[in-house]
Amino acid sequence: MLCIERIKRFLPTRSLQMAAYRYIERYTSCQELLHLQTRKLNSVIFPLKELENYLNPNVDKNAFRIFDPSFDDIKRAEELFKPASKHEIDYFTSAVRMDHVPLLSQPEVCFIGRSNVGKSSLIKALFSLVPDIEVKVSKTPGHTKKINFFKVGKSFTLVDMPGYGYRAPEDFVEMVEAYLETRENLRKTFLLLDGSVGIQKADKIAVDMCEEFGIPYTFVVTKIDRVSKGELLKQLLQIQDFVKKQTQGCFPQLFLVSSLYFSGIHLLRCFIAHVTGNLHLPNTAIEQQES
Ligand SMILES: Nc1nc2c(ncn2[C@@H]2O[C@H](COP(=O)(O)OP(=O)(O)OP(=O)(O)O)[C@@H](O)[C@H]2O)c(=O)[nH]1
Ligand SMILES: [Mg+2]
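For the sequence shown, full-length UniProt numbering assigns the number 1 to the initial residue and increments by one for each residue that follows.
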């Protein structure tokens with residue numbers, strides 16, 4: 001696989017870099033995964049499990065596979081992320097204040113995190129099977145200024161939030177806190193953490209907010225393509241320890257993603273389908289835990 005950092009370092013001009021990016025292997029759909037060897041397949045679908053191999057055998061790995069769907073389940077979930085005649089997937093609307101937020105009854109999941117952590121890129125990757133959908137991403141922190149709603153047919157809504165921390169919009173608190181506290185159809189909040197730096201002070205404030213409102217949330221570790229396995233593992237163990245000791249409402253399994261290479265995206269699609277009530281997973285640990 002071509003490495004993004006190497007492309008940037010060795011190719012002098014932007015146009016050459018863009019040409020090289022086209023050759024990066026991207027596995028947007030399950031169909032493209034079928035020809036991969038098991039090891040590679042696992043690393044794309046389930047990056048967390050791949051890291052297990054590097055762990056000391058004494059480390060408790062229970063939290064690594066609570067949500068452990070089959071490849072068939074993942075394929076079923078993918079269908080929800082493909083547009084069809086009666087299943088339109090598109091940007092719906094934006095809001096800057098709570099009274100602009102649309103009244104929707106279908107289940108919703110939202111993405112929060114520090115500016116630049118990769119929220120919009122993650123939504124873009126989740127929607128990679130939707131031609132022409134526009135999700136704006138930017139190198140400049142503080143790019144997303146509004147709460148953006150994306151409807152997935154009548155099944156669920158994905159919500160992209162402005163980031164907190166550096167260059168957050170001024171009215172961030174009124175906008176995001178009010179949404180998180182009052183949104184009745186919100187099934188899950190995904191709190192994104194940058195894989196190279198782990199949990200920061202601002203993230204702990206966001207965690208406190210989720211805990212205080214009693215909303216279910218899940219950590220997603222982003223940009224895993226940017227860090228070495230050793231560094232990533234170190235961050236993961238620290239985050240897992242934090243989840244275990246200092247949280248109540250946090251789902252105990254971490255989700256790892258690279259929106260650039262699509263690692264972890266298929267699994268996250270499946271988890272979203274599940275938490276929004278669109279995919280039942282009989283005989284899996286997660287449904288037994290919930291029943
Ligand atoms: N290498 C790598 N870069 C990523 C990944 N995800 C996002 N980025 C880059 O990180 C930068 C910020 O991405 P965004 O998705 O706009 O971040 P955001 O969290 O929506 O930022 P705000 O809207 O400003 O809060 C962009 O330059 C992305 O290309 C990833 O998985 N890998
Ligand atoms: Mg954004």
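We put the beta carbon where it would ideally sit given N, CA and C, even for glycine. The structure displayed is predicted, hence computed values, not measured ones.
- For ligand 1, no non-hydrogen atom lies closer than 8 Å to the CB of Ser43.
- According to the DSSP assignment, Ala95 belongs to the beta strand (DSSP E) that extends over Ile89 to Ala95.
- Comparing alpha carbon positions, the residue from Thr222, Arg97 and Glu174 closest to Gln235 is Thr222.
- Within the same chain, Cβ atoms closer than 8 Å to the Cβ of Glu134 are found at Tyr91, the five residues on either side in sequence being excluded.
- When the five nearest sequence neighbours on each side are left out, the beta carbons in the same chain lying within less than 8 Å of the beta carbon of Cys30 are those of Phe71, Ile74, Lys75, Glu78 and His266, in order along the chain.
- Around the Cβ of Lys119, a 10 Å sphere holds 16 or more other Cβ atoms; the residue is buried.
- Comparing C-alpha distances from Val101 to each of Phe149, Ser121, Thr140 and Ser128 shows the shortest one belongs to Phe149.
- In the DSSP assignment, Gly230 falls within the alpha helix (DSSP H) that extends over Lys229 to Gln246.
- Per DSSP, the beta-bridge partners of Asp160 are Phe111 and Asn148.
- With a threshold of 16 other beta carbon atoms within 10 Å, Asn116 meets it and is buried.
- Distance from the C-beta of Ile224 to the nearest heavy atom of ligand 1 is below 8 Å.
- Beta-bridge annotation (DSSP): Tyr217 is paired with Thr189 and Cys250.
- The bridge partners DSSP lists for Asp194 are Thr222.
- Pairing Glu211 with Gln253 gives a Cβ-Cβ distance that is not under 9 Å.
- According to the DSSP assignment, Gln200 belongs to no alpha helix (DSSP H), since it is labelled neither H nor E.
- Contact annotation: Ala125 and Phe262 have beta-carbon atoms nearer than 9 Å.
- Around the Cβ of Glu108, a 10 Å sphere holds 16 or more other Cβ atoms; the residue is buried.
- The secondary-structure analysis by DSSP pairs Ala84 across a beta bridge with His87.
- Separation of the CB atoms of Asn42 and Lys49 is rounded to 6 Å, and the pair is thereby assigned contact status at 8 Å.
- When the five nearest sequence neighbours on each side are left out, the beta carbons in the same chain lying within less than 6 Å of the beta carbon of Phe213 are those of Leu180 and Glu181, in order along the chain.
- According to the DSSP assignment, Tyr179 belongs to the alpha helix (DSSP H) that extends over Ala178 to Thr182.
- Cβ neighbours of Ser155 within its own chain (closer than 7 Å, five residues either side excluded): Leu80, Gln106, Thr276 and Asn278.
- In summary, Ile205 is exposed, with fewer than 16 beta-carbon neighbours lying within 10 Å of its beta-carbon over all protein chains present.
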